[in-house]
Amino acid sequence: ELTSRSFGYFHVRYSYENPHVTIITASFQAKGNISMLQSVVVWKNGNSVDSTRIPTKMEDLIEGPRTRQGG
């Protein structure tokens, strides 16, 4: 709960002070000694504009769409 509150404060304040910045958040779940990525959310102007729990789409949201070349 403290983590959620800290994130909420940071997110609201940072979004307010930097309205044109894109924020990418990620949630993780511990599996033994490994943290597994569970979801990714993209925020712009304080609003969620995209999210996913699909691993391949998570990469696209974080790094941007990959250029696919036909061959």
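By the count of our numbering, the sequence shown reaches residue 827 at its end, each step adding exactly one. Just so you know, even glycine gets a beta-carbon here, dropped at the ideal spot from N, CA and C.
The beta-carbon separation of Ser783 and Gln794, rounded to 5 Å, stays under the 8 Å limit for a contact. Counting C-beta atoms within 10 angstroms of its own C-beta, Val768 has fewer than 16 neighbours from the protein chains shown and is therefore classed as exposed. For Ile780, no alpha helix (DSSP H) encloses it; the enclosing beta strand (DSSP E) starts and ends at Thr778 to Lys787. Here Ile790 carries a strand assignment [DSSP, helix/strand/coil].
Inclusion of Trp799 and Ile818 in the CB contact set at 9 Å is not warranted, their separation being larger than that value. Within a 10 Å sphere around the beta-carbon of Val777 sit fewer than 16 other beta-carbons, which makes this residue exposed. For Asn803, the enclosing beta strand (DSSP E) covers residues Asn803 to Thr808.
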